[in-house]
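Structure below.
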């Protein structure tokens with residue numbers, strides 16, 4: 009295993025562990041699952057540095073850990089797949105923007121929108137058994153509206169929190185946000201360290 013692969017694997021494991029730990033710091037928890045937290049932040053930071061294979065692997069691992077530790081809200085195998093494995097696995101899409109200036113911000117937005125879409129589909133197909141239901145003192149009879157409001161209420165707050173914290177960390181961690189291919193190329197061209 010090369011030094012770069014070892015570094016990617018080690019950093020990925022640390023970021024997945026940090027994401028899992030941060031997912032327990034919940035600002036708000038909803039009754040049928042979902043919470044406001046910054047657990048996705050380390051995953052997005054990791055995706056800003058590494059390629060698609062590494063990013064999707066870390067996102068998938070995070071989704072599996074969410075299922076294992078927080079899967080009480082899953083309603084069978086389809087719910088487990090959608091609400092945990094896929095919903096968190098799609099966060100890896102953030103890596104597609106890592107080479108752009110400020111790509112971590114675009115990646116965070118796209119990753120959160122993809123996660124919302126998966127949760128929305130799950131809400132419309134699996135959780136429609138709750139219909140009609142009351143959320144935020146409003147009764148919903150339309151499963152599409154219910155799923156959009158319920159899932160949007162925490163996913164988009166998570167997104168805003170991740171964007172704000174990333175903006176605060178962006179300048180101090182600017183070297184961290186450089187894609188690893190760029191860092192490796194710069195090191196090759198600098199010559200040996202003295």
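In our numbering, the protein residues as written are 9 to 202.
We put the CB at the ideal spot given by N, CA and C, even for glycine.
Look at residue 182 here: in three-state DSSP terms it is coil, with no helix or strand label. With contacts defined by Cβ atoms closer than 9 Å, residue 152 and residue 126 do not form a contacting pair. Residue 18 and residue 113 have their C-alpha atoms some 24 Å from each other.
Going by beta carbons, residue 59 and residue 94 fall outside the 9 Å limit.
Secondary structure within the region 18–54: not one fully enclosed beta strand (DSSP E) run of 3 or more consecutive residues is present.
According to the DSSP assignment, residue 148 belongs to the beta strand (DSSP E) that extends over 146–148.
Here the region 36–53 makes contact with the region 110–124; the two share three or more CB pairs at distances below 8 Å. Secondary structure at residue 108: coil, using DSSP grouped into helix, strand and coil. For residue 103, no alpha helix (DSSP H) segment is defined, and its DSSP state is neither H nor E. Here the alpha carbons of residue 115 and residue 36 stand approximately 24 Å from one another.
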